[in-house]
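Asks:
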Amino acid sequence: MTEAENRPHVIRYAKGKRPQFYETPGMDAAMSMIMVLASEVSVLRDRLDSAERVAKAGGLDLAAGIEKLELDQDALEAREAARQDFMTRLFHVQLKDADEAAQAQTDDAFKATIHEIAQQ
Amino acid sequence: MLNTFQQADHPILPTATADEASRQEFAKSFKGFIQSTLLPGLTPIYQGRVARSFEKSNGRAPADRRDIRAGMVDDIYFQHYASANRVAQELLWESVVSSIDRQLPELNAKAAQLSGAAKAALDIPADFVPPRYVTALDIHCMPGGYCSEVCEDDISVGALYDRGVYLYSMGYTGPNNDDMGRSVVNYLKRHMPDFQPRRILDMGCTVGHSTLPYKELFPEAEVWGIDVGGPCVRYAHARAAGMGLDVNFAQMNAEETSFPDGHFDLVVSHILLHETSGKAMPRVFAEAHRVLAPGGLMIHADLPPFDLMDPFTQFILDNETWYNNEPFWGAMRDMDQIALAEKAGFDRSQVRFDTAPMAVMEFAAAAEGYSQEASEHVAEREFTAGEFAPGGGWEVLIARKADAAALAA
């Protein structure tokens, strides 16, 4: 075993059944995931703030530079593309639903395919 | 009021990378947000929505905290509030767990080194069995509880408690997590300036955070902290040594210690009683009475009993029972503690509840992130259920053991 495999690990889960707060299945998990992601957004924001402060201590005023930055056409296009791309990924399930409707993919057809392939 | 409180470093406190520190700060901020911004909304939700609909379907107004709870659990605002509270608690522990996991063997070695160089005793018996009321559930959802050990000489859950409880209290217990002990000592100094205990016992001391102020303010006294958690007292011993204080620690159950009769002049506990059980709590009182010398004092600091607050406040406090793995939290607050103390041998006339004002504003202003204004803000407000720091002060149950002459009579 390597040294990393030998290292002891702190216990991760508290003993005791977790209460559910919502009637909708999955909602409790979704709320937890949203807050974990919110925590990471906050961590990233802290890190950017640190980067600006460290740079400033080194004589480079990043924060002021960011405020003054004028976006040229390339930058405007790159950012807008990134935002649209991000939202496309964010709305994956909804867009997939529309795509399925367009291609007439249904639950029944899906199950029929599984059955059919098993027979072939 | 911006809470920028920061925990003071000490030699055995786990370190945090920049991202770990940010995650921990987020958990602390989220708790603060819930208490300052979401919690107040429960009152209009209850009065304007839940109480009315309860009355409509039951033909009477909600009578007690159980009725209130029955109505509130179906309300979406309450569901969001309670869910947010639970998630905040989970984020808090997770942010510290992953940080300690990264450095555990090094922390264990450092604790052993600090302990090894200390003069004070550390007693961890090999055959100790912790009581079921602390092992059945991981209290306040702290992974591993107080007693789990994942390797030899493990201090992981002690370190987890020290950092985690600071975040849980959002720094209102002061830079060294010691406000409860410090508040009780201040109370003693103010009301009994001649009281000079020779030996002091802190029952259920966890990492000794409340224990150390007793040594600091009674430097001549022999001070002992006991707890059922082996990793906790191991960490506590190293922590005290790292902070330069000779305080003895032992893994022991407060229901049945190994100290001789009449050994201590002062027996204290801080937020211990609500983590015991219906059968254990009277035994803790009886044991305190036994180990106290004639004229000695027993002081238990906790939150107020239910009969001192209205049903809605009780309901909010009782959420800890249902959502934060605190099985005895509610039941303990229904017990007649004065009668229990009397049954343990204290004279009823010598038992009373009082408030020990929070010491936080007296000592914290010089520490990092603690403004005088913010410290006063917490120390001077009224008791509010659902917030960590109770404001106004800590509720203390004080019982004095009879003098030798009275005991002989």
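Protein chains in written order, with my numbering: chain A, 14 to 133; chain W, 15 to 423. For each residue, glycine too, the CB sits at the ideal point set by N, CA and C.
Within this structure, are the beta carbons of residue 215 of chain W and residue 195 of chain W separated by less than 8 Å?
Replies: Position 201 of the second sequence holds residue 215 of chain W. Position 181 of the second sequence holds residue 195 of chain W. Result no, Cβ atoms of residue 215 of chain W and residue 195 of chain W do not sit closer than 8 Å.
Asks: Say whether the segment 320-329 of chain W touches the segment 69-87 of chain W, bearing in mind that this needs 3 or more beta-carbon pairs closer than 8 Å, one atom from each stretch.
Replies: yes
Asks: In angstroms, rounded to a whole number, what distance separates the CA positions of residue 101 of chain W and residue 36 of chain W?
Replies: On the second sequence, residue 101 of chain W is found 87 positions in, with the first residue counted as 1. On the second sequence, residue 36 of chain W is found 22 positions in, with the first residue counted as 1. So the two alpha carbons sit approximately 17 Å from each other.
Asks: According to DSSP, residue 281 of chain W sits in a beta bridge with which residue or residues?
Replies: For this step, residue 281 of chain W is matched to residue 267 along the second sequence. W:215, W:312, per the DSSP bridge assignment.
Asks: Would you kindly work out how many angstroms separate the C-alpha atoms of residue 27 of chain W and residue 169 of chain W, rounded to a whole number?
Replies: Taking the second sequence and counting its residues from 1, one reaches residue 27 of chain W at position 13. Taking the second sequence and counting its residues from 1, one reaches residue 169 of chain W at position 155. If I take the Cα positions, the gap works out to 11 Å.
Asks: Start and end of the alpha helix (DSSP H) containing residue 102 of chain A?
Replies: Taking the first sequence and counting its residues from 1, the one referred to as residue 102 of chain A is at position 89. Note, residue 102 of chain A: alpha helix (DSSP H), 86-103.
Asks: Just reading off the alpha helix (DSSP H) that residue 172 of chain W is part of, what are its end residues?
Replies: Here residue 172 of chain W refers to the residue found at position 158 of the second sequence. Residue 172 of chain W -> alpha helix (DSSP H) spans 170-182.
Asks: Assuming the contact rule is C-beta atoms closer than 8 Å, residue 246 of chain W and residue 160 of chain W should be a hit. Round their C-beta distance to whole Å, please.
Replies: Taking the second sequence and counting its residues from 1, the one referred to as residue 246 of chain W is at position 232. Taking the second sequence and counting its residues from 1, the one referred to as residue 160 of chain W is at position 146. Confirmed, Cβ separation roughly 5 Å.
Asks: With distances taken between CB atoms, is the gap from residue 24 of chain W to residue 349 of chain W smaller than 8 Å?
Replies: Indexing the second sequence from 1 puts residue 24 of chain W at position 10. Indexing the second sequence from 1 puts residue 349 of chain W at position 335. Not a contact, by the Cβ cut-off of 8 Å.
Asks: If you check the beta carbons only, do residue 184 of chain W and residue 383 of chain W fall under 8 Å apart?
Replies: Counted from its first residue, the second sequence places residue 184 of chain W at position 170. Counted from its first residue, the second sequence places residue 383 of chain W at position 369. Result no, Cβ atoms of residue 184 of chain W and residue 383 of chain W do not sit closer than 8 Å.
Asks: To the nearest angstrom, report how far apart residue 212 of chain W and residue 259 of chain W are at their CA atoms.
Replies: Counted from its first residue, the second sequence places residue 212 of chain W at position 198. Counted from its first residue, the second sequence places residue 259 of chain W at position 245. The straight-line gap from Cα to Cα measures roughly 16 Å.
Asks: Check whether chain W comes within 8 Å of residue 28 of chain A, counting only Cβ atoms and requiring the distance to be less than that.
Replies: Your numbering for residue 28 of chain A matches position 15 in the first sequence. Output row for residue 28 of chain A: interface = yes.
Asks: Looking at residue 339 of chain W: is its Cβ nearer than 8 Å to the Cβ of residue 88 of chain A?
Replies: Reading the second sequence from its first residue, position 325 is the one you call residue 339 of chain W. Reading the first sequence from its first residue, position 75 is the one you call residue 88 of chain A. Taking 8 Å as the Cβ cut-off, residue 339 of chain W and residue 88 of chain A do not qualify as a contacting pair.
Asks: At what residues does the alpha helix (DSSP H) containing residue 368 of chain W begin and finish?
Replies: In the second sequence, the residue the question calls residue 368 of chain W occupies position 354. Taken as a continuous stretch (DSSP letters only), residue 368 of chain W belongs to no alpha helix (DSSP H), being part of the beta strand (DSSP E) at 365-370.
Asks: Run the CB neighbour count on residue 203 of chain W, radius 10 Å, all protein chains shown included, and call it buried at 16 or more, exposed below.
Replies: Numbered from its first residue, the second sequence carries residue 203 of chain W at position 189. Per the 10 Å Cβ criterion, exposed.
Asks: Note the first and the last residue of the continuous beta strand (DSSP E) segment covering residue 153 of chain W.
Replies: As a working note, residue 153 of chain W is residue 139 in the second sequence. Boundaries cannot be given for residue 153 of chain W, as no beta strand (DSSP E) includes it and DSSP labels it neither H nor E.
Asks: From the DSSP output, read off the bridge partner residues of residue 125 of chain A.
Replies: Along the first sequence, one-based indexing puts residue 125 of chain A at 112. Residue pairing by DSSP leaves residue 125 of chain A without any beta bridge partner.
Asks: Is the beta carbon of residue 358 of chain W closer than 8 Å to that of residue 300 of chain W?
Replies: Position 286 of the second sequence holds residue 300 of chain W. Position 344 of the second sequence holds residue 358 of chain W. Yes, Cβ-Cβ distance for residue 300 of chain W and residue 358 of chain W is below 8 Å.
Asks: Compute the beta-carbon to beta-carbon distance between residue 276 of chain W and residue 306 of chain W, rounded to the nearest angstrom, for a pair I have assumed lies under 8 Å.
Replies: As a first step, residue 276 of chain W must be located in the second sequence, where it is residue number 262. As a first step, residue 306 of chain W must be located in the second sequence, where it is residue number 292. Contact flag correct, Cβ pair sits at about 7 Å.
Asks: With a threshold of 7 Å, establish whether the CB of residue 297 of chain W neighbours any heavy atom of the ligand GTP.
Replies: The ligand GTP is absent from the structure shown, which contains no ligands of any kind.
Asks: Any contact of the segment 121-135 of chain W with the segment 69-84 of chain A, i.e. 3+ C-beta pairs under 8 Å?
Replies: Touching, no.
Asks: Measuring alpha carbon to alpha carbon, tell me which residue in W:344, W:181, W:235, W:145 is nearest residue 270 of chain W.
Replies: Translated into the one-based positions of the second sequence, residue 270 of chain W becomes position 256. When each option's Cα is compared against that of residue 270 of chain W, the closest is W:145.
Asks: Residues in the segment 87-120 of chain A with C-beta within 8 Å of chain W's C-beta atoms, listed in sequence order?
Replies: The segment 87-120 of chain A vs chain W, Cβ under 8 Å: nothing.
Asks: With a 10 Å radius around its C-beta and 16 neighbouring C-beta atoms as the bar for buried, classify residue 42 of chain W as buried or exposed.
Replies: Residue 42 of chain W sits at position 28 when you count from the first residue of the second sequence. Answer is buried; the Cβ neighbour count reaches 16.
Asks: Among W:93, W:106, W:78, W:74, which residue has its Cα nearest to the Cα of residue 52 of chain A?
Replies: Reading the first sequence from its first residue, position 39 is the one you call residue 52 of chain A. Just measuring C-alpha positions, the residue of W:93, W:106, W:78, W:74 sitting nearest residue 52 of chain A is W:106.
Asks: For residue 29 of chain A, which option in W:147, W:39, W:419 has the closest C-alpha, if you only look at C-alpha atoms?
Replies: Looking up residue 29 of chain A in the first sequence gives position 16. Checking every option, the nearest Cα to that of residue 29 of chain A belongs to W:147.
Asks: In three-state DSSP terms, what is residue 36 of chain A?
Replies: The sequence position of residue 36 of chain A within the first sequence is 23, counting from 1. Coil at residue 36 of chain A, not helix or strand.
Asks: For a contact meaning CB atoms closer than 8 Å, what does residue 66 of chain A contact in chain W?
Replies: Counting from 1 along the first sequence, the entry for residue 66 of chain A is found at position 53. Near residue 66 of chain A there are no residues of chain W at all, since even the closest Cβ is about 11 Å away, more than 8 Å.
Asks: Can you tell me the Cα-Cα spacing of residue 72 of chain W and residue 20 of chain A, whole angstroms?
Replies: Position 58 of the second sequence, counted from the start, is the residue given in the question as residue 72 of chain W. Position 7 of the first sequence, counted from the start, is the residue given in the question as residue 20 of chain A. Taking the straight line from one Cα to the other gives about 58 Å.
Asks: Tell me residue 238 of chain W's beta-bridge partners as DSSP assigns them.
Replies: Numbered from 1 along the second sequence, position 224 holds the residue referred to as residue 238 of chain W. According to DSSP, residue 238 of chain W bridges with W:215, W:262.
Asks: Please look up how many angstroms separate the CB atoms of residue 232 of chain W and residue 251 of chain W, rounded, as I've assumed it's under 8 Å.
Replies: Indexing the second sequence from 1 puts residue 232 of chain W at position 218. Indexing the second sequence from 1 puts residue 251 of chain W at position 237. Not really, about 19 Å apart at Cβ, beyond 8 Å.
Asks: Residues of the segment 31-44 of chain A with a CB closer than 7 Å to any CB of chain W: list them in chain order, please.
Replies: Sequence-ordered contacts of the segment 31-44 of chain A with chain W read 32, 34, 35, 41, 44 [C-beta pairs closer than 7 Å].
Asks: Can you tell me whether residue 46 of chain A is buried or exposed, with buried defined as 16 or more other CB within 10 angstroms of its CB?
Replies: Working through the first sequence from its first residue, we reach residue 46 of chain A at position 33. Burial call: exposed.
Asks: Check whether the Cβ of residue 159 of chain W lies closer than 8 Å to any Cβ atom in chain A.
Replies: The residue given as residue 159 of chain W occupies position 145 in the second sequence. Yes, residue 159 of chain W lies at the interface with chain A (some Cβ there is under 8 Å from its Cβ).
Asks: Pick from W:360, W:344, W:417, W:95: whose alpha carbon is nearest that of residue 53 of chain W?
Replies: Position 39 of the second sequence, counted from the first residue, corresponds to residue 53 of chain W. Nearest C-alpha to residue 53 of chain W: W:95.
Asks: By DSSP, does residue 409 of chain W sit in helix, in strand, or in coil?
Replies: Your numbering for residue 409 of chain W matches position 395 in the second sequence. Note: residue 409 of chain W maps to strand in three-state DSSP.
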